[in-house]
């Protein structure tokens, strides 16, 4: 079995399968788990997925792992600040193009600084659904998976039936969906899109690799529907603010994660409002329609 990310030292190259290796960035937090995982695909020429934060030690580890081999592309699932800032330094070191998610800049009133957009992100090529980047013995095909962000991509590796799921599906926690850019309806539709696939394994941006991905995706869909049901039941008793609902729904949650939970509940409320099931009574209260 591959080594648990929590047990892997930051900067250590871990071979996950012959075509895929991983290096853990030194940015652990309550929101990134043990840190951002940068994946390296290929043997002769390489693709680097989500280079992570602009940390010199992490860049040094990536350059050491590249070991002079050509880098065909630097790919980005989405440009939150824990995923894309190292693209610039890595491009300067390798001359590789930056490709992947479209640049989107939305005022982020969410709960965590690491989730803010990397405003210096400038891709050389934006990938649409189905677009591919290829090297010797590998192909990475982009799949649009909006929800966590409006521009989120996953990358399929058909040669080994693997999927790099970024922050859309993670190996340690559910995904934060934070309006205005995060969208719960889009997130659920993206999960349905993944459920229709037969990927063997997911390599997420944070946490363990996912060896039974369809089972996990079904569980994530069920979990979000359960949260939706909780919200509707709570509001059946009368109008409530989000904070009161979160206190009932997330008993025992780490206090540092409560603001993120509030953002996900807000995303559910926006989806329910669009479906005519709830309404915003004023700036703080929500009620059943």
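In our numbering, the protein residues as written are 946 to 1234. Glycine included, every Cβ here is placed at the ideal spot set by N, Cα and C. Since the structure is predicted, the reported quantities are computational estimates derived from the model, not experimental observations.
CB residue i to CB residue j, shorter than 9 Å?
i, j, result
"residue 964", "residue 1102", "yes"
"residue 1015", "residue 1035", "no"
"residue 891", "residue 973", "Examination of residue 891 is not possible in this model, given that the chain is present from 946 through 1234 alone."
"residue 1061", "residue 1075", "no"
"residue 1218", "residue 1225", "yes"
"residue 1166", "residue 1137", "yes"
"residue 1046", "residue 1084", "no"
"residue 1191", "residue 1173", "no"
"residue 954", "residue 985", "no"
"residue 958", "residue 1020", "no"
"residue 1187", "residue 1223", "no"
"residue 1124", "residue 1139", "no"
Rounding to the nearest angstrom, what Cα-Cα distance links residue i and residue j in this structure?
i, j, result
"residue 997", "residue 1107", "20 Å"
"residue 1132", "residue 1112", "11 Å"
"residue 1175", "residue 1033", "44 Å"
"residue 1122", "residue 1079", "31 Å"
"residue 1251", "residue 1171", "Nothing about residue 1251 can be read from this structure; the chain reaches only from 946 to 1234."
"residue 1146", "residue 1110", "10 Å"
"residue 1043", "residue 1037", "11 Å"
"residue 1149", "residue 1002", "22 Å"
"residue 1092", "residue 1135", "7 Å"
"residue 1160", "residue 1169", "15 Å"
"residue 1059", "residue 982", "The pLDDT assigned to residue 1059 is 42, lower than 50, so where the model puts this residue is not dependable, and the model offers no usable value."
"residue 960", "residue 966", "4 Å"
"residue 1152", "residue 994", "15 Å"
"residue 1090", "residue 1230", "31 Å"
"residue 1183", "residue 1196", "20 Å"
"residue 1114", "residue 1185", "30 Å"
"residue 1008", "residue 1065", "22 Å"
"residue 1155", "residue 1141", "16 Å"
"residue 1082", "residue 980", "29 Å"
For residue i, I'd like the list of residues in its chain whose CB is within less than 7 Å of its CB, leaving aside the five on either flank, ordered along the chain.
i, result
"residue 1006", "956, 968"
"residue 962", "1105"
"residue 1213", "1129, 1172, 1173, 1176"
"residue 1202", "975"
State the DSSP-derived secondary structure class of residue i, mapped to helix, strand or coil.
i, result
"residue 1010", "helix"
"residue 1233", "strand"
"residue 1002", "helix"
"residue 1213", "helix"
"residue 1202", "helix"
"residue 1037", "helix"
"residue 1226", "coil"
"residue 1219", "helix"
"residue 1032", "helix"
"residue 1104", "coil"
"residue 967", "strand"
"residue 1208", "helix"
"residue 1089", "strand"
"residue 954", "coil"
"residue 997", "coil"
"residue 946", "Residue confidence is low: residue 946 scores 35 on pLDDT, short of 50, so the model does not pin down where it sits. No coordinate-derived value is stated."
"residue 937", "Within the shown structure, residues of the chain are numbered from 946 to 1234, placing residue 937 beyond reach of any answer."
"residue 1078", "strand"
"residue 1097", "coil"
"residue 1197", "coil"
"residue 980", "coil"
"residue 1049", "coil"
Give every residue of the same chain whose Cβ lies closer than 8 Å to the Cβ of residue i, excluding the five residues on either side of it in the sequence, and list them in chain order.
i, result
"residue 1017", "987, 990, 991, 992, 1041, 1078, 1079, 1080"
"residue 1049", "1024, 1062, 1094, 1095, 1096, 1126"
"residue 1235", "The chain is shown from 946 up to 1234; residue 1235 falls before or after that span and cannot be answered."
"residue 1118", "978, 1151, 1152"
"residue 1000", "970, 971, 972, 1031"
"residue 1069", "1042, 1043, 1044"
Report all residues from its chain with a CB closer than 6 Å to the CB of residue i; omit the five preceding and five following residues, and keep chain order.
i, result
"residue 1063", "1024, 1026, 1029, 1030"
"residue 1057", "With a pLDDT of 44 at residue 1057, under the threshold of 50, the predicted position of this residue should be treated as unreliable, and no value is reported."
"residue 1216", "1129, 1130"
"residue 1162", "1136, 1139, 1140"
(request) Please go through the segment 1108-1193 and give each complete alpha helix (DSSP H) segment of 4 or more residues, from N-terminal end onward. (result) 1129-1140, 1158-1181
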